[in-house]
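Engineer: Residue numbers (the numbering used here): 732 to 998. Think of the CB as a built atom: it goes at the ideal place given N, C-alpha and C, for glycine as much as any other residue. Structure provided below as structure tokens; questions to follow.
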């Protein structure tokens, strides 16, 4: 009987030991112990993250990150990282999560886990104005006579190669470089996320037309390393909280429904 009691006790302790081990290894636990939340992003994606005239990183994601760090009771550290290397940097613990307007895709989800979407966007087209009567849809660009540009390693590039495969597709390291190719007449169309394109054409109305009907459905999410249920749980509950208490809406209005921030941006 005594052996049975001991064995039963060991069975009860095993799940508790496992649970403690999961928490000990959790990114959330390490953030709290470190006293610092490290966010990976890439500046240049207006209005999510960009630099102001003093070199500071500002934007919609940045404001959420600051609020998130305050909710954790820790300091915030922003780590600017090239987009094509941002997932490898996350996986090698250069930061705790990616908060950079990242589209949730099955391919990315094989490498990282995503929180619930915090926004849904889609790809649109910035077009040379002299093509406005010829090209009225993204489908019209699927022709070898056109040169289409996007940013390397983004869903804009994926969409361009998928839907405009007959065109010449060129990619650039930054979205601004690619968009300027169209504005300066060196390319016919730029494929990228709706928020960025809407802002760019508002700033550069001469010579550009925005085909502003998104032709893809793209949920954006915060990426974290796999095998970390505690951190994922906290982030999803945090997102639900700021959506419910008005914080999210206030930040959205500041960055997407107002242009007052544009005067502060380094361009």
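Let me confirm a value: residue 936 is counted as buried when at least 16 other C-beta atoms fall within 10 Å, else exposed. Which label applies?
Structural biologist: Position 205 of the chain shown, counted from the start, is the residue given in the question as residue 936. It counts as exposed.
Engineer: I need the straight-line Cα distance from residue 899 to residue 869, nearest angstrom please.
Structural biologist: One-based indexing of the chain shown puts residue 899 at position 168. One-based indexing of the chain shown puts residue 869 at position 138. In a straight line, the C-alpha of residue 899 is about 14 Å away from that of residue 869.
Engineer: Return the bridge partner residues of residue 954 from the DSSP annotation.
Structural biologist: Here residue 954 refers to the residue found at position 223 when the chain shown is read from its first residue. Residue 954 is bridged to 829, 845.
Engineer: Considering only the alpha carbon of each residue, which of 860, 954, 800, 989 lies closest to residue 762?
Structural biologist: In the chain shown, the residue the question calls residue 762 occupies position 31. The option with the nearest alpha carbon to residue 762 is 800.
Engineer: Taking the alpha carbon of residue 909 as the point to measure from, which residue in 788, 859, 826 has its own alpha carbon closest?
Structural biologist: Locating residue 909 in the chain shown gives position 178, counting from the first residue. Comparing Cα-Cα distances from residue 909 to each of 788, 859, 826, the minimum goes to 859.
Engineer: Which whole runs of the alpha helix (DSSP H) in the segment 886 to 925 are 4 residues long or more, in chain order?
Structural biologist: Counting only runs of 4 or more, we get 886 to 894, 906 to 914.
Engineer: Exposed or buried, residue 838, counting other C-beta atoms within 10 Å across all chains shown (16 or more means buried)?
Structural biologist: For the purposes of this step, residue 838 is taken as residue 107 along the chain shown, with counting starting at 1. Residue 838 comes out exposed.
Engineer: Kindly confirm or deny that the segment 910 to 917 and the segment 786 to 800 touch, where touching means at least three C-beta pairs closer than 8 Å.
Structural biologist: With a cut-off of 8 Å, the segment 786 to 800 and the segment 910 to 917 do not count as touching, because too few Cβ pairs lie within range.
Engineer: Between 823, 766, 980, 782, which has its C-alpha nearest residue 773's C-alpha?
Structural biologist: Translated into the one-based positions of the chain shown, residue 773 becomes position 42. The candidate whose alpha carbon is nearest that of residue 773 is 782.
Engineer: Identify whether residue 742 lies in helix, strand or coil by the three-state DSSP scheme.
Structural biologist: By 1-based counting over the chain shown, the position of residue 742 is 11. Bear in mind that the predicted position of residue 742 carries a pLDDT of just 49, short of 50, making it too unreliable to give a figure here.
Engineer: Here's the rule: buried if 16 or more other CB atoms are within 10 angstroms of the residue's CB, otherwise exposed. What is residue 979?
Structural biologist: Indexing the chain shown from 1 puts residue 979 at position 248. Result: buried.
Engineer: By DSSP, does residue 855 sit in helix, in strand, or in coil?
Structural biologist: Counted from its first residue, the chain shown places residue 855 at position 124. DSSP places residue 855 in strand when its eight states are reduced to three.
Engineer: By how many angstroms is the C-alpha of residue 880 removed from the C-alpha of residue 902?
Structural biologist: Taking the first residue of the chain shown as 1, we reach residue 902 at position 171. Taking the first residue of the chain shown as 1, we reach residue 880 at position 149. Cα-Cα distance, rounded: 6 Å.
Engineer: When DSSP labels each residue in this structure, what does residue 811 get in the three-state scheme?
Structural biologist: By 1-based counting over the chain shown, the position of residue 811 is 80. Residue state, collapsed to three classes: strand.
Engineer: Give me the DSSP bridge partner(s) of residue 761.
Structural biologist: If you number the chain shown from 1, residue 761 lands on position 30. None; residue 761 has no bridge partner.
Engineer: Taking its Cβ as the centre, do 16 or more other Cβ atoms sit within 10 Å of residue 986, making it buried, or is it exposed?
Structural biologist: Taking the chain shown and counting its residues from 1, one reaches residue 986 at position 255. So residue 986 counts as buried.
Engineer: Any idea which residues DSSP pairs residue 878 with across the strands?
Structural biologist: On the chain shown, residue 878 is found 147 positions in, with the first residue counted as 1. Residue 878 is bridged to 899.
Engineer: Nearest by alpha-carbon distance to residue 769: which of 784, 865, 812 is it?
Structural biologist: On the chain shown, residue 769 is found 38 positions in, with the first residue counted as 1. Looking at the Cα atoms, 812 is the closest of the given residues.
Engineer: What three-state label does DSSP hand residue 774 in the structure shown?
Structural biologist: Residue mapping note: residue 774 aligns to position 43 of the chain shown, counting from 1. In the structure shown, residue 774 sits in coil (DSSP, three-state: anything other than H, G, I, E or B).
Engineer: Taking just the CA atoms, how far does residue 753 sit from residue 807?
Structural biologist: As a first step, residue 807 is located in the chain shown; it is residue number 76 there, counting from the start. As a first step, residue 753 is located in the chain shown; it is residue number 22 there, counting from the start. Approximately 24 Å between the Cα atoms of the pair.
Engineer: Going by the beta-carbon positions, is the gap between residue 953 and residue 826 smaller than 9 Å?
Structural biologist: Reading the chain shown from its first residue, position 222 is the one you call residue 953. Reading the chain shown from its first residue, position 95 is the one you call residue 826. No.
Engineer: What residue range does the alpha helix (DSSP H) around residue 942 cover?
Structural biologist: The residue given as residue 942 occupies position 211 in the chain shown. Run containing residue 942: none in the alpha helix (DSSP H); it sits in the beta strand (DSSP E), 939 to 942.
Engineer: Have a look at the DSSP bridge pairing and note the partners of residue 783.
Structural biologist: Numbered from 1 along the chain shown, position 52 holds the residue referred to as residue 783. Bridge partners of residue 783: 996.
Engineer: Return the bridge partner residues of residue 769 from the DSSP annotation.
Structural biologist: Taking the first residue of the chain shown as 1, we reach residue 769 at position 38. Answer by DSSP bridge pairing, in chain order: 808.
Engineer: Assuming contact is defined by CB atoms lying nearer than 9 Å, are residue 924 and residue 885 in contact in what I supplied?
Structural biologist: For the purposes of this step, residue 924 is taken as residue 193 along the chain shown, with counting starting at 1. For the purposes of this step, residue 885 is taken as residue 154 along the chain shown, with counting starting at 1. In this structure, residue 885 lies closer than 9 Å to residue 924 by Cβ.
Engineer: Classify residue 891: buried if its beta carbon has 16 or more other beta carbons within 10 angstroms, exposed otherwise.
Structural biologist: For this step, residue 891 is matched to residue 160 along the chain shown. Buried, because 16 or more other Cβ atoms sit within 10 Å of the Cβ of residue 891.
Engineer: For residue 983, which residues in the same chain have their Cβ closer than 8 Å to its Cβ, ignoring the five residues on either side in sequence?
Structural biologist: In the chain shown, the residue the question calls residue 983 occupies position 252. Excluding positions up to five away in sequence, the list reads 791.
Engineer: What's the gap between the Cα of residue 991 and the Cα of residue 767?
Structural biologist: As a first step, residue 991 is located in the chain shown; it is residue number 260 there, counting from the start. As a first step, residue 767 is located in the chain shown; it is residue number 36 there, counting from the start. Cα-Cα distance, rounded: 30 Å.
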